[in-house]
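The next block holds one structure in the form of structure tokens; read it before the comments.
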Amino acid sequence: MSQKFSSVRTVKSGNNSFNKNRGKPASQGSNNSNRKRSDGPQRSEGPYVPFGSAPRKSASFGSGPRKSASFGGSRSSFGRGPKRFRGVKKSTMDPNKFIKKATPVAEVEEYISKHKFADFRVCQELKNNIITKGYITPTPIQDQAIPPALDGRDIIGVAATGTGKTAAFVIPLINKVFMGQNQKVLIITPTRELASQIDIELREFSKGMGIRSVQCIGGARIGRQISELSRNPQFVIGTPGRINDLIKRGRLNLGGTQNIVLDEVDRMLDMGFINDIKLILSKLPNHKQSLFFSATISTRISSLIQTFTNNPVTISVKTTITSDNVEQDIVKVSFDQRKIEVLHDILNKPECEKVLIFGRTKRGVENLSQDLEKRGFKSSSIHGDKAQNKREKALQLFKQNHVNILVATDVAARGLDIDDVTHVINYDLPENYEDYIHRIGRTGRANKRGTALTFVS
Numbered sequence: 001m002s003q004k005f006s007s008v009r010t011v012k013s014g015n016n017s018f019n020k021n022r023g024k025p026a027s028q029g030s031n032n033s034n035r036k037r038s039d040g041p042q043r044s045e046g047p048y049v050p051f052g053s054a055p056r057k058s059a060s061f062g063s064g065p066r067k068s069a070s071f072g073g074s075r076s077s078f079g080r081g082p083k084r085f086r087g088v089k090k091s092t093m094d095p096n097k098f099i100k101k102a103t104p105v106a107e108v109e110e111y112i113s114k115h116k117f118a119d120f121r122v123c124q125e126l127k128n129n130i131i132t133k134g135y136i137t138p139t140p141i142q143d144q145a146i147p148p149a150l151d152g153r154d155i156i157g158v159a160a161t162g163t164g165k166t167a168a169f170v171i172p173l174i175n176k177v178f179m180g181q182n183q184k185v186l187i188i189t190p191t192r193e194l195a196s197q198i199d200i201e202l203r204e205f206s207k208g209m210g211i212r213s214v215q216c217i218g219g220a221r222i223g224r225q226i227s228e229l230s231r232n233p234q235f236v237i238g239t240p241g242r243i244n245d246l247i248k249r250g251r252l253n254l255g256g257t258q259n260i261v262l263d264e265v266d267r268m269l270d271m272g273f274i275n276d277i278k279l280i281l282s283k284l285p286n287h288k289q290s291l292f293f294s295a296t297i298s299t300r301i302s303s304l305i306q307t308f309t310n311n312p313v314t315i316s317v318k319t320t321i322t323s324d325n326v327e328q329d330i331v332k333v334s335f336d337q338r339k340i341e342v343l344h345d346i347l348n349k350p351e352c353e354k355v356l357i358f359g360r361t362k363r364g365v366e367n368l369s370q371d372l373e374k375r376g377f378k379s380s381s382i383h384g385d386k387a388q389n390k391r392e393k394a395l396q397l398f399k400q401n402h403v404n405i406l407v408a409t410d411v412a413a414r415g416l417d418i419d420d421v422t423h424v425i426n427y428d429l430p431e432n433y434e435d436y437i438h439r440i441g442r443t444g445r446a447n448k449r450g451t452a453l454t455f456v457s
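Take the sequence shown: its letter number 76 is residue 76 in full-length UniProt numbering, and every next letter is one higher.
Take a look at the structure:
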């Protein structure tokens, strides 16, 4: 893949290089430290402290001598903590991979769809719901995956995030359930949030068609899920752990489930769900339709998928590793800077309208979100230690623009459809380049331009 490389951008806390439109830097004038900026939250000011001198104290980030963090120049909640939190591996990725100029949309060759949604051989009730949602021309993955899926073929679909993978499998399966008798579908995802999003889209496409679904995800009341399963829903959508739990309890019988969907299959296998997936698949009948979708599938994972499918149609519509609509750059943080101060200056820029910030640890994500709130930003957080109802609330606040900053672990990086994210900030480096691709896929969607910034020391 050819990339256009830009020069490394160095952002320094408190100077003009990244805050030129936000008024004078704090170092100019003795009154700036006490003056409220009218156009953004105030960052906590203090005298300039040279590297090696006594540190400036921060309520959230502690005092004591300054030490270099894993991915920045200060000890923050994303760096070190109590010994039991020090198991996060340091990334050794090449920073040049995080630099790429966005390509204007006009320069991208337009995909010419072979179909319109009206052309697909689906029932009229489903067509009406598709029209209601405003769908006219399918995306490339929808255009190529829906016809063979309607024919009952197994599918391996590879497409970048934000390209409509969910509709590519939901539409043919709704039609199959509606037109056939006793058809059951199991959809497995790596995260609770993705399961919830798929369920919402499923309900919109199947409105008024008498199709029932149930979410079986961790963090939610299992008693309620058992009760809903007793009503014989046609669609079960869940995460591997909860699905297996229900199977072991004898509350979920997959003997009559003739359709299986694994969404973000590479992530589930990478996360160590392979044994759970094998156990679930062993409970399904031999004759079934398998639809596997993901943004990235390595050669190793592709060969593994082949054992789960029967003569699948492989569809790949991804033309570049990362979106041409995303301007990618790095934020170089020197050892005499504090990452939180650099981040503060970035978030105060007017173009940072809706920002998704990624960290590596649950504790670090929560601490950073709280620190940003103390600084006057409207921030929320999402991570694995948060109760399911609080995670859903945080996502809704962000989606509905009640908060414009969401701090997250990689649990939010897969498959979530969040409109109009202007910036993705990798406050901590991802573990690998595939995780990076999924993170920055939250911006630059639907032919809109986005920005991805990655902090490096």
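Glycine included, each C-beta is placed from N, C-alpha and C at the ideal position.
Would you kindly work out how many angstroms separate the C-alpha atoms of residue i and residue j, rounded to a whole number?
i	j	result
V403	M271	30 angstroms
E373	H383	17 angstroms
R249	N401	40 angstroms
Y111	L397	34 angstroms
S303	L269	12 angstroms
C123	K176	9 angstroms
Q258	E193	25 angstroms
S379	K386	15 angstroms
L406	E431	20 angstroms
R442	T239	21 angstroms
L416	G255	30 angstroms
T454	A118	42 angstroms
C352	D329	15 angstroms
I346	A295	29 angstroms
R449	K362	29 angstroms
N34	G376	Because N34 sits at a pLDDT of 40, beneath the cut-off of 50, its placement in the model cannot be relied upon, and the point is left open.
G359	D336	21 angstroms
L343	D435	21 angstroms
V236	L284	13 angstroms
For residue i, does the three-state DSSP call read helix, strand or coil?
i	result
F169	helix
Q289	strand
K133	coil
F377	coil
V122	coil
N175	helix
A159	coil
A149	helix
residue 461	No answer is possible for residue 461: it lies beyond the span of the chain, which begins at 1 and ends at 457.
Q328	strand
S294	strand
F398	helix
V214	strand
V365	helix
A195	helix
L343	helix
F117	helix
T454	strand
G23	Because the pLDDT of G23 is 38, which lies under 50, any placement of that residue in the model is unreliable, and the question is left without a value.
G64	Bear in mind that a pLDDT of 39 at G64, under 50, signals an unreliable position, so the number given afterwards is only what the model happens to contain. G64 falls in the coil class under three-state DSSP.
Let me confirm a value: residue i is counted as buried when at least 16 other C-beta atoms fall within 10 Å, else exposed. Which label applies?
i	result
N310	exposed
I131	exposed
A446	exposed
residue 459	With the chain running from 1 to 457 in the structure shown, residue 459 is simply not present.
N286	exposed
V105	With a pLDDT of 39 at V105, under the threshold of 50, the predicted position of this residue should be treated as unreliable, though the coordinate-derived value follows. That one is exposed.
E366	buried
N325	buried
S290	buried
K114	exposed
R224	exposed
K116	exposed
N426	buried
G210	exposed
D420	exposed
R267	buried
S369	buried
Using a Cβ-based criterion (distance less than 7 angstroms to any ligand heavy atom), does residue i qualify as near the ligand HEM?
i	result
D385	Within the structure as shown, the ligand HEM is missing, as the structure has no ligands at all.
Could you tell me which residues DSSP puts in a beta bridge with residue i?
i	result
L356	L406 and V424
I188	G238 and L262
F205	DSSP output for F205 lists no bridge partner at all.
I382	A408
I277	Answer is none; I277 lacks a bridge partner.
Report yes or no: do the region 379-397 and the region 138-152 share at least 3 C-beta pairs separated by less than 8 angstroms? no
Counting beta carbon pairs with one atom in the region 276-292 and one in the region 235-243, are three or more of them shorter than 8 angstroms? yes
Would you say the region 165-176 touches the region 215-231, given that touching needs at least three Cβ pairs under 8 angstroms? no
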